[in-house]
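Below is one structure, written out as structure tokens, with a few remarks after it.
Here's what the structure looks like:
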């Protein structure tokens, strides 16, 4: 199918030249993007191992002492623990609340469904900072500001819709006749749930959970607005460190950034075993998810 | 007597249940309640609360006091212009780069997974880390300037930090992958036989793109633009860390965050978020209005 299309482009000589030019242009652009990206990440990694780096291609000497410094003096260990604690709790709660809702939305059409969908779509369509500020005000009013519970609640606001948007199309694909057949054969509701639905939904749950994990570890704005000492995640701490750079040695901030990067990449690699990279954006592609039924 | 009313009650009850079930209302819907309650308490209520808060200024300057002081203060008013000056070019750069690449990759690249995987990395690292890295990379003695100087392309280091450019570059790095992946998923849903049919009828590749591919992609392009715009509109870590946060990158998001974290004026902060939401929704609405004038329908091209 693809090869025939190539042929149709090559029928005229001009088209062929054009295509070669286009190929160079596009691959050149992609390469340029990745070289710069590599430069950005490489600078962070190399400076974290360097002793002094004011000019030149590489630092003057190498050391790992800044990792020790970041780990001990900047409590990277504690930050990492808080981050994972928050992220994992968010994953569990958002799945526990989101999966049943996704099931109902996938299986039923009911009056008011549009309103319900809007409640779930808006937090994803709106940027976090716009709803984050009134939300943070509310969280402080509930005396949850600066507490881990407050950070968890705030992170649930985008996480629950996210789970629903990932799972609803997934559940729609499961034929309801399978459930009906099980019921005909005398299965009770809990049996249908455990023996029929669960095994079919597990891959979707895993995908949604890992995507939420990636998202929560990287989510900055909402956590920044409500976190305090003891409930700060690694990204927010990294932001404060860069913001007040000068107080801390730059290399130690880089070491902190490397810890953050390793955490994210580890979860990302884990996630990419179960999800397609395009799935990380198509949840935003809400039109397709809602128009289909 | 009692038994007959019981039967009647039972009858109307089951009848009602039936009638509701026909409209899709049954016990399955109870499953939505926990998630919906969470959203109502922590999203809908705070949003409404924020709107009320914005009309109740801390300094008791009246119903519209906050809005008046925002628009009267030229430093604050300028945040709107600053935000647009960053968000519009970034979204245009990102989608105009993503569109040709996505169309090309869909057509000629068989294994897209490696590219997609690599592109997901900057997205999931997040804006804070990208900003941290760019801070060193774009430095006058950083690798970028070093390379350009050594190649003899420039004679003195480019100034890319503490100004407009640093912010733009960081938003392109985090926004382009997002735009590309989204565009690719839209492009992949177009049935290639539509383009094939056009070429069979004698259209050259430029005509195929202009008359077939582009119109089919236009709705996806509109959504990608909007989502990219929203991302660029509200991201403040890069503006704060790479730009000139008290000058030309004093964007709405920074003003709002500062009102909370420095002045503890939640009322003013809510006002700024509402103003920013208003402008954002305005842009999105105009893009969708434009989109509604274009073809919207099946891209599968099989039936209907």
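Chains as they are written, first to last, in this note's numbering: chain A, 13 to 305; chain B, 2 to 305.
Virtual Cβ for every residue (Gly too), placed ideally from N, Cα, C.
In this text, all values refer to a predicted model and were calculated from it rather than measured experimentally.
Where residue i falls, given that 16 or more other Cβ within 10 Å makes a residue buried
i                      : result
residue 230 of chain B : buried
residue 157 of chain B : exposed
residue 236 of chain A : buried
residue 85 of chain A  : exposed
residue 291 of chain A : buried
residue 110 of chain A : buried
residue 63 of chain A  : exposed
residue 144 of chain B : buried
residue 123 of chain A : exposed
residue 44 of chain B  : buried
residue 63 of chain B  : exposed
residue 251 of chain A : buried
residue 242 of chain A : exposed
residue 51 of chain B  : buried
residue 133 of chain B : buried
residue 23 of chain B  : exposed
residue 210 of chain A : exposed
Same chain only: Cβ atoms within 6 Å of residue i, ignoring 5 sequence neighbours per side
i                      : result
residue 225 of chain A : 99, 103 and 279
residue 161 of chain A : none
residue 113 of chain A : 176
residue 249 of chain A : 91
residue 225 of chain B : 96, 180, 183 and 184
residue 204 of chain A : 191 and 194
Sequence-distant residues of its chain with Cβ nearer than 7 Å to residue i (five each side left out)
i                      : result
residue 101 of chain A : 164
residue 103 of chain B : 181, 184, 185 and 188
residue 32 of chain A  : none
residue 287 of chain A : 219, 222 and 223
residue 268 of chain B : 54, 55, 57, 58, 59 and 67
residue 206 of chain B : none
residue 159 of chain A : 243
Cutoff 8 Å; reference residue i; Cβ partners in own chain excluding five residues on either side
i                      : result
residue 285 of chain B : 227, 230 and 231
residue 261 of chain A : 78 and 81
residue 254 of chain B : 84, 234, 235, 236, 237, 240 and 277
residue 71 of chain A  : 58, 59, 61, 62, 63, 64 and 65
residue 74 of chain A  : 61, 62 and 63
According to DSSP, residues forming a beta bridge with residue i
i                     : result
residue 62 of chain A : A:74
Partner residues on chain A for residue i, Cβ-Cβ distance less than 7 Å
i                      : result
residue 45 of chain B  : 131
residue 179 of chain B : 293
residue 123 of chain B : 49
residue 234 of chain B : 139
residue 23 of chain B  : Within 7 Å Cβ-Cβ: nothing; residue 23 of chain B doesn't reach chain A, min ~11 Å.
residue 138 of chain B : 51, 52 and 55
residue 267 of chain B : 149
residue 68 of chain B  : The contacting residues do not exist; residue 68 of chain B stays about 16 Å from chain A at best.
C-beta neighbour in chain C for residue i, strict 7 Å
i                     : result
residue 36 of chain B : Looking at the structure shown, chain C is missing, and the protein chains on hand are A and B.
Chain-ordered chain B contacts of residue i [CB-CB under 7 Å]
i                      : result
residue 290 of chain A : 117, 182, 185 and 186
residue 183 of chain A : Result: empty, since nearest Cβ-Cβ is about 11 Å, beyond 7 Å.
residue 239 of chain A : Those do not exist, as residue 239 of chain A stays about 11 Å from chain B at its closest Cβ, beyond 7 Å.
residue 147 of chain A : 43 and 47
residue 272 of chain A : 130
Cross-chain neighbours of residue i in chain B, by beta carbon under 8 Å
i                      : result
residue 42 of chain A  : 102 and 116
residue 243 of chain A : In chain order: nothing, as chain B lies at least about 15 Å away.
residue 110 of chain A : 36
residue 232 of chain A : 127, 128, 129 and 238
residue 247 of chain A : 127, 129 and 130
residue 67 of chain A  : 142
Amino acids of chain A, ordered along the chain, whose beta-carbon sits closer than 9 Å to that of residue i
i                      : result
residue 157 of chain B : Those do not exist, as residue 157 of chain B stays about 14 Å from chain A at its closest Cβ, beyond 9 Å.
residue 166 of chain B : Chain A residues near residue 166 of chain B: none, gap ~13 Å exceeds 9 Å.
Chain A residues whose Cβ lies nearer than 8 Å to that of residue i
i                      : result
residue 145 of chain B : 48 and 51
residue 284 of chain B : In chain order: nothing, as chain A lies at least about 12 Å away.
residue 40 of chain B  : 131, 132, 135, 169, 172 and 173
Does the contact criterion of 3 or more C-beta pairs under 8 Å hold for the region 91-107 of chain B versus the region 177-193 of chain B?
Short answer: they touch.
_When you compare the region 117-135 of chain A with the region 165-182 of chain A, are there three or more beta-carbon pairs, one atom per stretch, that lie closer than 8 Å?_
Using a Cβ-Cβ distance cut-off of 8 Å, the region 117-135 of chain A and the region 165-182 of chain A are in contact, since at least three pairs of beta carbons, one from each stretch, lie closer than that value.
Requested in this report: Decide yes or no for the touch test of the region 125-138 of chain B against the region 264-283 of chain A: beta carbon pairs closer than 8 Å, at least 3 of them.
Outcome: Taking one beta carbon from each stretch, the region 125-138 of chain B and the region 264-283 of chain A have 3 or more pairs nearer than 8 Å; the two touch.
Should the region 242-256 of chain B be called in touch with the region 200-216 of chain B, which here means at least 3 C-beta pairs below 8 Å? No: the two stretches stay apart, fewer than three of their Cβ pairs being nearer than 8 Å.
The region 130-142 of chain A touching the region 198-206 of chain A, judged by at least three CB pairs closer than 8 Å
Contact fails: fewer than three Cβ-Cβ distances are below 8 Å.
Across the region 262-277 of chain B and the region 197-209 of chain B, are there enough close Cβ pairs to call them in contact, namely three or more that are closer than 8 Å?
The region 262-277 of chain B vs the region 197-209 of chain B: no contact.
How do the region 51-59 of chain B and the region 267-274 of chain B stand: do at least 3 beta-carbon pairs fall below 8 Å, yes or no?
Contact between the region 51-59 of chain B and the region 267-274 of chain B is present, because at least three Cβ pairs lie under 8 Å.
Q) Any chance the region 88-97 of chain B sits against the region 216-235 of chain A, with 3 or more Cβ pairs inside 8 Å? A) Contact between the region 88-97 of chain B and the region 216-235 of chain A is not established, with fewer than three Cβ pairs separated by less than 8 Å.
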